[in-house]
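The structure appears right after this line, and notes come after that.
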Amino acid sequence: MLLIWIFSISLFIEVLFIFSLQVSILLLTPYFSKLILQIQLHPQEFVTGLAIFSCMPTTLSSGLAGGNSALALAMTVISNLLGILIVPFSISKFIADGVGVTVPTEQLLRSLVLTLLIPLILGKVLRESIKGLAEFVDAKKKLFSKISAIFLSLVPWIQVSRSSTLLLMVKPTVFLVAIAMGTALHLILLAFNAVAIKCLSTVSGGNQSVFAKKDNADAALLVASQKTLPVMVAVVEQLGGAFGESGLLVLPCVAAHLIQIIMDSFLVNFWLRKDLSADGLKVA
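Be aware that the sequence shown starts at 223, since it is given in the numbering used here, and climbs by one per residue.
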């Protein structure tokens, strides 16, 4: 009975941990879009695109580097499933009101369910119902990952290509400003979530808290601070030009997506070197 009670408490704490991070990813960090929209830039789609990007769930792949990978995967999956339901309302509240545009929230929600959620469910059903399919896919995991990456990269490329004529008219300095904005956004999200995780750790038991465990904290910081590009592109596609040219909206987010991967790779390498140094001192 005692073991069941301890297991129930442990499970409750883990659920609370994941729930807290989902609140940050889907409900708190979208508020930064309000600050982004205050920036004046020509074309204004660069600003609007980054504001939409800040409302997205966490990225599907790069967030799994470093820390507790199982926890990162769980947070990623839950974030993207919930994001399909929450993102349309976040865009309507934070973006549409800010630029004076009306967004058909129900239509956007229905489109995301049809294009993202239903294919995910069908894929899971096929994996479990067709004998040998799961083993075949797992055996070819690297190949399918590369194919998936290629297809995902083609989606924003197509969007950007549609606006190639307008992109050629944009000054190089504007591109640099957009890249700087994407960099600043990720740094702000990292700082915000680092403080949030530290506060949650303090109020939930200090060094003994689940939030204070290094692997959990590292995974939480990365996943909660990253935003996904493919979902953002899907949203822009469904908006049908309501916020401007799709290519102009997507381009700064492509840069922001690449920047967060590069920055977090350096961060993970720093953590690994730090852990190796600490282990070396312990052995000595």
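Every residue gets a Cβ at the ideal spot worked out from N, C-alpha and C, and that includes glycine. Every value quoted in this text rests on a predicted model; they were computed, and no experiment measured them.
Subject >> Host alpha helix (DSSP H) of Ser-314 (start-end) >> reply: It is not in any alpha helix (DSSP H) - Ser-314 carries neither H nor E in the DSSP assignment.
**OP:** Can you give me the Cβ contacts of His-479 inside the same chain, cut-off strictly under 6 Å, excluding the 5 residues immediately before and after it?
**Re:** Leu-451
Original post:
Helix or strand or just coil, what does DSSP make of Leu-451?
Top reply: helix
**OP:** Answer with buried or exposed for Ala-456, where buried requires no fewer than 16 other C-beta atoms within 10 angstroms of its C-beta.
**Re:** buried
**OP:** Can you say whether Thr-280 is buried or exposed, counting buried as having 16 or more other CB atoms within 10 angstroms of its CB?
**Re:** buried
**OP:** Verify the contact flag: Gly-354, CB atom, against every heavy atom of the ligand PLP, threshold strictly below 7 Å.
**Re:** Absent from the structure shown: the ligand PLP. Ligands present: none.
**OP:** Can you have a look at Lys-449 and say buried or exposed, based on whether 16 or more other CB atoms are within 10 angstroms of its CB?
**Re:** buried
**OP:** Please classify Pro-326: does DSSP put it in a helix, a strand, or coil?
**Re:** coil
Original post:
Out of curiosity, what's the CA-to-CA distance linking Ile-308 and Phe-268?
Top reply: 23 Å
**OP:** Could you tell me which of Gln-244, Gln-482, Pro-252, Leu-473 sits nearest to Trp-379, measuring between CA atoms?
**Re:** Leu-473
Subject >> Close beta carbons around Leu-263, own chain, < 7 Å, minus the five adjacent residues each side >> reply: Val-269, Val-396, Val-399
Subject >> Three-way DSSP call (helix, strand, coil) for Pro-279 in this model >> reply: coil
**OP:** Consult DSSP for Gly-463 and reduce its assignment to one of helix, strand or coil.
**Re:** coil
Original post:
Buried or exposed: where does Cys-475 fall if 16 or more other Cβ atoms within 10 Å of its Cβ makes it buried?
Top reply: buried
Original post:
Taking contact to mean at least 3 C-beta pairs separated by less than 8 Å, is the segment 343–351 in contact with the segment 311–322?
Top reply: no
Original post:
Can you tell which of Ser-499, Pro-265, Thr-327, Leu-339 has its C-alpha closest to the C-alpha of Met-391?
Top reply: Pro-265
Subject >> Given 8 Å, three or more beta-carbon pairs between the segment 479–491 and the segment 336–344 >> reply: no
Subject >> Spatially closest choice to Thr-387 from Thr-424, Ser-447, Leu-443, Glu-467, by CA coordinates >> reply: Glu-467
Original post:
For His-408, which of helix, strand or coil comes out of DSSP?
Top reply: helix
**OP:** State buried or exposed for Phe-519, treating a residue as buried only when at least 16 other CB atoms are found within 10 Å of its CB.
**Re:** With the chain covering 223 to 506 only, the question about residue 519 has no answer from this structure.
**OP:** Go ahead and pull the three-state DSSP assignment for Gln-260.
**Re:** coil
Original post:
If we ignore side chains and look at the alpha-carbon of each, how far apart do Ala-406 and Ala-416 end up?
Top reply: 15 Å
Subject >> For Met-391, three-class secondary structure by DSSP >> reply: coil
Subject >> Segment limits, alpha helix (DSSP H) that includes Lys-435 >> reply: No alpha helix (DSSP H) holds Lys-435; DSSP gives it neither H nor E.
Subject >> Where Ile-240 sits in the DSSP three-state scheme >> reply: helix
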